[in-house]
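First comes the structure, then the notes that go with it.
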Amino acid sequence: MKDRFGRTISYLRISVTDRCNLRCVYCMPVQGISLLRHEDVLRYEEIVRVARIAEDLGFSKFRLTGGEPLVRKGIVSLVETLARPCSPGNNTENHGTSPQNSVPFRGKSRSLAMTTNGVLLSQYARPLRAAGLDRINVSLDTLDRAKYQRITGFDEFDRVMAGIREARAVGFEPLKINVVAMRGINDDEVGDFVRLAQEGFEVRFIELMPFRVRAERWSDRFISGAEIREKIAQTFHIRRTDEGPTAGPAKMYRAEDWPGRIGFIEPISSSFCSACNRLRLTSDGFLKPCLLSDVEVDLKTPLRTGVPDEEIAELFERAVFEKPRGHRLKEHRLPVRTMAQVGG
Ligand code: SAM
Ligand code: SF4
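Per the working numbering, the sequence shown runs over residues 446 to 789.
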């Protein structure tokens, strides 16, 4: 699908839940968010139907996210259904946790990935791999256990590290580590993160985005991708690279001659939006043309009133049409939903 600005839209990020087992300072208020009612969250067979329609429209890349995707019951069977075609003809309504009997997802050329905080990864990595998940990104903003607790509210650093090790052991390579860079919090650790490229990790520094979560001033914590690169270049030789799989809006570099790559995702300081190829599906069934805008297209109501696939496809067309040229953060237009509510 092409949008009004000539971008090809082929990537759907699917939030499977708004719940999370952490409270990262930049994402969740300490007291949590007001959670969706169970019945307002899309059922797995509804998610599978939407994904299949998206695939028919040319979407080839899918990512499961949240909230924390691994806290939703039955997540492995959702992955299995999305990753592998299942036999047609079984279209049983299913309110539970197993989506196996839902509408088959047919294609073979798509990729399926997940973004997780890694807390539950040591227990899920192997079944996720066996279910057909292609790639995993783990979010980890510090390599220091005490600091991890300050950022996320929980003492889970060791479990995340164990999850990362297990994910690699079962074949998720290269494993991507997402690091939200924050001045005065983890900018002293950029060198340690870069060194992970020596072991083949792909480390991606993400610019902090301003959501309405904490009173702390976003601008005091924001640090640009360019400034992080300057810091890195004081110690390491880094060069831009276009090798490897396409990285979407990330600018990719290599440090020294190490196997892993270093990426910079710069939603604030760069013209990130011109390369945007994605739509987002929220866990309560809205299609969002842009993470950083409040425009949404309701899919849940039509899904639940039994409309045919063609009408859902038209709603995709509307969402693609509504995709803005770029976000308006510089004009202080902050989105109402937080990252955990939209699906990062
Ligand atoms: N819970 C999972 C996790 O943390 O990986 C998936 C959902 S989380 C919302 C997805 C990504 O969004 C994470 O990498 C997280 O660091 C990022 N994120 C959340 N809030 C952000 C913010 N204010 N600025 C930049 N990235 C943010
Ligand atoms: Fe949870 Fe992920 Fe948000 Fe952290 S970034 S609070 S792990 S949803």
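C-beta: ideal position from N, C-alpha, C; glycine also.
query: CA-CA distance, V493 and K745?; result: 13 Å
query: Which whole runs of the beta strand (DSSP E) in the segment 697-767 are 3 residues long or more, in chain order?; result: 706-710, 723-726, 731-733
query: Between the C-alpha atoms of I668 and E634, what's the straight-line distance to the nearest angstrom?; result: 13 Å
query: Could you tell me the alpha carbon to alpha carbon distance between I459 and S728, rounded to whole angstroms?; result: 7 Å
query: Hey, quick one: how far does the alpha helix (DSSP H) through V521 stretch, first residue to last?; result: 520-528
query: Return the CA-CA distance between S803 and D739, expressed in angstroms with no decimal places.; result: Shown here, the chain extends from 446 to 789; a query on residue 803 therefore has no answer.
query: With a threshold of 6 Å (Cβ to nearest heavy atom), would L467 be considered close to ligand 2?; result: yes
query: How far does the beta strand (DSSP E) with A626 in it reach, from first residue to last?; result: 621-626
query: Among residues of its own chain, excluding the 5 on either side of V765, which ones have a beta-carbon nearer than 6 Å to its beta-carbon?; result: M446, D448, I454
query: Return the residue from the list Y456, R749, Q643 that minimises the CA-CA distance to R508.; result: Y456
query: Who are the near neighbours of P704 in its chain, counting only those whose CB is closer than 6 Å to its CB and skipping five residues on each side?; result: G645
query: Just confirm the distance between the C-beta atoms of R770 and V742, as a whole number of angstroms; I'd bet it's less than 8 Å.; result: In fact, because the Cβ distance is near 18 Å, the residues do not count as touching under 8 Å.
query: Is the beta carbon of M473 within less than 6 Å of some heavy atom of ligand 2?; result: yes
query: Taking the alpha-carbon of R674 as reference, which of L724, L653, G636, D665 has the nearest alpha-carbon?; result: G636
query: Could you tell me whether the Cβ of H682 comes closer than 7 Å to any Cβ of chain C?; result: Within the model displayed, chain C is absent; a lone protein chain is all it includes.
query: Take the Cβ of Q786 as the centre, count every other Cβ of all protein chains shown within 10 Å, and call the residue buried at 16 or more, exposed below.; result: buried
query: Considering only heavy atoms of ligand 1, does any lie closer than 6 Å to the CB of S785?; result: Note that residue 785 corresponds to Ala in the displayed sequence, not to Ser. Yes, ligand 1 has a heavy atom inside 6 Å of this Cβ.
query: With a cut-off of 8 Å on the beta carbons, I'd call V393 and I707 a contact; round off their distance for me.; result: Since the displayed the chain opens at 446 and closes at 789, residue 393 lies outside it and no answer follows.
query: Can you check the segment 570-617 for any alpha helix (DSSP H) of at least 4 residues that lies completely inside it and give the ranges in chain order?; result: 590-597, 602-614
query: My output table needs one value for V493: the three-state DSSP class, helix, strand or coil.; result: helix
query: Assuming T680 contacts M697 (C-beta within less than 8 Å), just tell me the rounded distance between them.; result: Not really, about 19 Å apart at Cβ, beyond 8 Å.
query: Closest to D579 by CA distance: which of I710, R529, T783, D463 is it?; result: R529
query: Which of the three DSSP states, helix, strand or coil, is assigned to A558?; result: strand
query: Could you check what DSSP says for F504 in three-state terms: helix, strand or coil?; result: coil
query: Cα separation between V524 and P514?; result: 11 Å
query: Name the DSSP bridge partner or partners of E652?; result: A626
query: Mind checking whether the beta-carbon of V625 lies closer than 6 Å to any heavy atom of ligand 1?; result: yes
query: With respect to 6 Å, is the separation between the Cβ of G512 and the closest non-hydrogen atom of ligand 2 below this value?; result: yes
query: CB I710 to CB A700, shorter than 7 Å?; result: no
query: Can you check whether the CB of K506 is closer than 7 Å to the CB of S556?; result: yes
query: Report, in whole angstroms, the separation of the C-beta atoms of L573 and E611, which I expect to be a contact under 8 Å.; result: Incorrect: roughly 10 Å between the Cβ atoms, too far for contact.
query: Which residues does DSSP pair with I459 in a beta bridge?; result: L509, L726
query: Identify the residues that DSSP records as bridge partners of E647: which are they?; result: K621
query: Whole angstroms is fine: what's the gap from T462's alpha carbon to E491's?; result: 13 Å
query: Roughly how many angstroms separate the alpha carbons of A496 and I651, rounded to a whole number?; result: 27 Å
query: At the level of alpha carbons, what is the spacing between E601 and F450?; result: 43 Å
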